[in-house]
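For reference, the structure is listed below as structure tokens.
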Amino acid sequence: MGLENGHYRIVNAHSGTAIDASGTDEGVVHGWERHDGSNQHWIVSENDGKWEIRNVAFGLFLRPASENHSDIHDGTELIISDSPYGWHVYEDEDDDTYRWASYPYIWLGIQARR
């Protein structure tokens with residue numbers, strides 16, 4: 001079954017930390033211990049073949065800090081912004097985790113909040 005529009009939690013597959021939109025620093029996103037706050041929940045919606053990820057607490061979109069695609073690589077800083085960003089989704093066939101890919105390669109894992 002493919003990804004559906006809805007509310008999700010994005011979790012680091014290795015550390016188990018959640019992608020957390022900071023409540024104190026505008027635009028800052030980091031990995032944080034899971035606490036189920038609205039700043040760790042994301043609305044994922046399909047738009048023209050790509051997926052947008054909007055933070056529940058702040059209503060801002062998850063995106064790479066750089067606007068230049070040639071600067072985007074594994075380890076690139078992520079921020080929340082009022083500018084949407086189109087993520088490509090690749091389903092993990094081994095479990096219910098999805099992998100998000102941005103050009104050239106930023107990988108995120110996602111777990112359904114159900």
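Take the sequence shown: its position 93, counted from the start at 1, is 93 in full-length UniProt numbering, and no numbers get skipped. All C-beta atoms in this analysis are idealised placements derived from N, C-alpha and C, irrespective of residue type, glycine included. This one's a predicted model, so the numbers in the text were calculated from it and none came from an experiment.
- Query: At what residues does the beta strand (DSSP E) containing residue 34 begin and finish?
  - Reply: From DSSP, residue 34 is part of no beta strand (DSSP E); its letter is neither H nor E.
- Per DSSP, which one or two residues make a beta bridge with residue 21? For residue 21, which the question treats as bridged, DSSP gives the partners 29.
- Message: Assuming residue 42 is part of the beta strand (DSSP E), what are its boundary residues?
- Response: Boundaries of the beta strand (DSSP E) harbouring residue 42: 42-47, taken from the DSSP string.
- In three-state DSSP terms, what is residue 38? It is helical.
- Query: For residue 58 versus residue 80, is the C-beta spacing smaller than 8 Å?
  - Reply: Yes, these two residues count as a Cβ contact at 8 Å.
- Is the Cβ-Cβ distance between residue 11 and residue 78 less than 8 Å? Their beta carbons are not under 8 Å apart, which means residue 11 does not touch residue 78 by this criterion.
- Report the option in 90, 8, 87 and 35 whose CA atom is closest to the CA atom of residue 56. If you compare the alpha carbons of 90, 8, 87 and 35 with that of residue 56, the shortest gap goes to 8.
- Can you give the Cα-Cα distance for residue 115 and residue 32, rounded to whole angstroms? Lying outside 1 to 114, the shown extent of the chain, residue 115 is not represented and no answer is given.
- Who are the Cβ neighbours of residue 181 in its own chain at under 8 Å, not counting the five residues just before and after it? Past the edges of the chain, shown from 1 to 114, lies residue 181, and the structure says nothing about it.
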